[in-house]
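Q: Sharing a structure, written as structure tokens. Questions coming.
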Amino acid sequence: MERFAGQRVRMAEVIVEVRDRTPYAVVRLVYEMLGFDAEGRLDRDAFIRRNAALAELAIDPVVPRMVEAEKAVVDVGSRFVARGGFWHPSAALEREILRAALDETPCKRL
């Protein structure tokens, strides 16, 4: 997408429950940042790195630690990488996003 070349763009991912072909409820709502290279292609490396960090954070609490010394040192690198890809909208913007997702207001298309 050439219009996003060289930019980081805010994205809202919304999963909507549909009943009788009509948006009914928001099931999932995630705000992410996407980076694009000079030609407007998604920065895959950053995207993969961030999602790998998220997976590591999700798995970390369930993987047993074998070495007692690991408890003394905390590696927060994955937390910083994972957190760097998210943003939080204002309350007013979030209301507009939800209204657009539920087809209650017109939504600008790309």
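Heads up, the sequence shown is in my numbering, so the first residue is 2 and it goes up one at a time. Beta carbons: idealized from backbone N, C-alpha and C, even for Gly. Quick caveat: nothing in here was measured; it's all calculated off a predicted structure.
1. Taking Ala99 as the reference, give the member of Phe5, Trp88, Val15 with the closest Cα.
2. Run through the DSSP bridge pairs and tell me what Val19 is partnered with.
3. Is DSSP giving Arg96 helix, strand or coil here?
4. Starting from Arg110, trace the alpha helix (DSSP H) in both directions and tell me its first and last residue.
5. Under three-state DSSP, which class holds Thr45?
6. What separation, rounded to the nearest whole angstrom, lies between the Cα atoms of Leu94 and Arg11?
7. Specify the secondary structure class of Ala53 as computed by DSSP and reduced to three states.
A: With the structure as the only source:
1. Before going further, note that residue 99 is Leu rather than Ala in the sequence given. Among Phe5, Trp88, Val15, the Cα nearest to that of Leu99 belongs to Val15.
2. Pro24
3. helix
4. Boundaries cannot be given for Arg110, as no alpha helix (DSSP H) includes it and DSSP labels it neither H nor E.
5. A quick correction: the sequence has Arg, not Thr, at residue 45. Helix at Arg45.
6. 12 Å
7. helix
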